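Worksheet for the structure shown next.
Numbering (this note's numbering), first residue to last: 86 to 417.
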């Protein structure tokens with residue numbers, strides 16, 4: 086009897102312990118389930134309120150903040166605060182270094198347009214830009230260009246409209262030249278290293294009008310055509326980089342190319358640049374429907390011989406001479 090009671094007490098204790106463990110497991114499961122479900126519910130609520138953040142977005146925000154911090158540090162280390170969008174102020178020794186490095190690169194790699202761009206700004210000294218500014222201020226159209234500060238790009242020129250203009254208009258001639266050369270008015274680099282905002286715009290205007298000088302004279306963008314246009318710009322507007330290019334660039338050419346330049350295109354460029362009206366004062370965007378021949382007459386420009394045809398004619402003569410030589414060799 087005593088043994089039975091003891092055994093019964095032990096059994097009831099085990100049952101009690103088992104019940105307690107079950108209660109603990111159930112309570113734990115309910116707590117864990119409530120935590121998971123509650124977390125999901127909180128995430129859903131946060132998503133609905135737009136408070137949920139993406140880790141990638143946070144990382145991107147941190148990177149942008151770091152970039153902004155570095156830009157502020159760079160700005161604080163400059164000789165002045167930027168005076169227009171994209172302006173990078175340089176110290177005097179940095180401008181000198183830019184001139185030396187871009188000059189060497191332009192001579193060794195003239196095919197890289199960025200070298201020419203940097204050399205142009207490095208040589209655009211204030212005295213030249215101020216002289217060009219006075220030229221514009223002395224002319225009614227030049228003053229209006231300075232006041233309105235137009236930009237030349239595809240949207241303002243309405244390229245589709247130019248393609249439908251009469252064939253002898255400036256707009257159509259310009260459009261066809263761009264198409265033939267495979268270039269666009271949108272490829273001109275912005276000005277960065279010129280400190281005065283007005284000077285910076287004048288240089289940008291000169292740079293954006295460069296293709297018009299090519300088009301009205303039908304000069305291609307091969308190196309001989311570029312040198313001829315640079316010589317025209319240098320003598321007409323006094324652009325230092327253009328004068329340097331006209332003087333030094335021919336040194337890298339073949340003899341036949343130099344002969345063509347010295348005999349035909351450089352004399353034409355110098356004569357035309359000195360005698361024609363200041364090209365910086367032409368509001369090209371407003372005269373796109375003008376007859377090209379009348380415009381040339383008004384500006385005092387007579388186009389040079391077609392450079393493409395001159396090169397083709399020389400190539401044709403060389404082929405004829407080679408054929409005659411080969412025929413003579415075969416007869417011997």
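All C-beta atoms, glycine included, are put in the ideal place defined by N, C-alpha and C.
Given the structure is predicted, the values throughout are model-derived calculations rather than measurements.
- Message: Please state whether the Cβ-Cβ distance between residue 334 and residue 319 is less than 8 Å.
- Response: Cβ distance not < 8 Å, so residue 334 and residue 319 don't count as in contact.
- DSSP state of residue 391 mapped onto helix, strand, coil: Here residue 391 sits in coil by DSSP.
- Query: How far does the alpha helix (DSSP H) with residue 478 in it reach, from first residue to last?
  - Reply: Here the chain covers residues 86 to 417 and nothing more, so residue 478 does not appear.
- Query: In chain order, what residues of the same chain lie with their CB nearer than 8 Å to the CB of residue 250, ignoring the 5 residues before and after it?
  - Reply: The residues are 256, 257, 260, 373, 374.
- Task: Report all residues from its chain with a CB closer than 8 Å to the CB of residue 401; omit the five preceding and five following residues, and keep chain order.
- Result: Nothing meets the Cβ criterion.
- Message: Buried or exposed, going by whether 16 or more other CB atoms sit within 10 Å of the CB of residue 397?
- Response: Only exposed fits residue 397, as fewer than 16 other CB atoms lie within 10 angstroms of its CB.
- For the alpha helix (DSSP H) that contains residue 204, what are its first and last residues? Its alpha helix (DSSP H) spans residues 198 to 207.
- Query: Which one of 200, 267, 174 has the shortest CA to CA distance from residue 190?
  - Reply: Residue 190 has its Cα closest to that of 200, out of 200, 267, 174.
- Message: Please state whether the Cβ-Cβ distance between residue 214 and residue 284 is less than 8 Å.
- Response: Yes, Cβ-Cβ distance for residue 214 and residue 284 is below 8 Å.
- Spell out a yes or no on whether the stretch 215 to 230 and the stretch 279 to 299 are touching, meaning 3 or more CB-CB pairs, one atom from each, closer than 8 Å. Yes, the stretch 215 to 230 is in contact with the stretch 279 to 299.
- Taking the alpha-carbon positions, what's the residue 356 to residue 377 distance? Distance between the alpha carbons of residue 356 and residue 377: 20 Å.
- Message: Am I right that residue 278 and residue 183 are in contact with their C-beta atoms under 8 Å? What's the rounded C-beta distance?
- Response: Rounded to whole angstroms, the Cβ separation of residue 278 and residue 183 is 7 Å, and the two are in contact under 8 Å.
- Simplified DSSP state of residue 397, which is helix, strand or coil: If DSSP states are grouped into helix, strand and coil, residue 397 belongs with the helices.
- Inter-residue Cα distance where the pair is residue 379 and residue 352: Looking at the two C-alpha atoms, the distance is approximately 23 Å.
- Item | residue 341 classed as buried or exposed, judged by whether at least 16 other C-beta atoms fall within 10 angstroms | Exposed is the label assigned to residue 341, since fewer than 16 other Cβ atoms lie within 10 Å of its Cβ.
- Message: Tell me the residue span of the alpha helix (DSSP H) that contains residue 236.
- Response: Looking at the DSSP string, residue 236 is not in any alpha helix (DSSP H), and its letter there is neither H nor E.
- Message: Can you tell me whether residue 194 is buried or exposed? The criterion is at least 16 other CB atoms within 10 Å of its CB, across all chains shown.
- Response: Flag for residue 194 reads exposed.
- Task: May I ask you to report which of helix, strand or coil DSSP gives residue 303?
- Result: If DSSP states are grouped into helix, strand and coil, residue 303 belongs with coil.
- Message: Within 10 Å of its beta-carbon, does residue 307 have 16 or more other beta-carbons around it, so buried, or fewer, so exposed?
- Response: Around the Cβ of residue 307, a 10 Å sphere holds fewer than 16 other Cβ atoms; the residue is exposed.
- Query: Between which two residues does the alpha helix (DSSP H) containing residue 379 stretch?
  - Reply: Looking at the DSSP string, the run of the alpha helix (DSSP H) that includes residue 379 is 377 to 384.
- Query: In chain order, what residues of the same chain have a beta carbon less than 8 Å from the beta carbon of residue 222, not counting five sequence neighbours either side?
  - Reply: So the qualifying residues of the chain are 228, 231.
- Task: Check residue 210 in the structure and name its three-state DSSP category.
- Result: It is coil, neither helix nor strand.
- Query: Could you give the distance in angstroms between the alpha-carbon of residue 169 and the alpha-carbon of residue 339?
  - Reply: Distance between the alpha carbons of residue 169 and residue 339: 43 Å.
- Query: Cα separation between residue 237 and residue 364?
  - Reply: For the pair residue 237 and residue 364, the Cα-to-Cα distance works out to about 15 Å.
- Message: Report the start-end ranges of each alpha helix (DSSP H) in the stretch 316 to 343 that is 4 residues or longer and not cut off at the edges.
- Response: Segments of the alpha helix (DSSP H) lying fully in the stretch 316 to 343: 325 to 333.
- Query: Among the residues of its own chain, which have a CB less than 8 Å from the CB of residue 269, if the five just before and after it don't count?
  - Reply: Contacts found: 239, 263.
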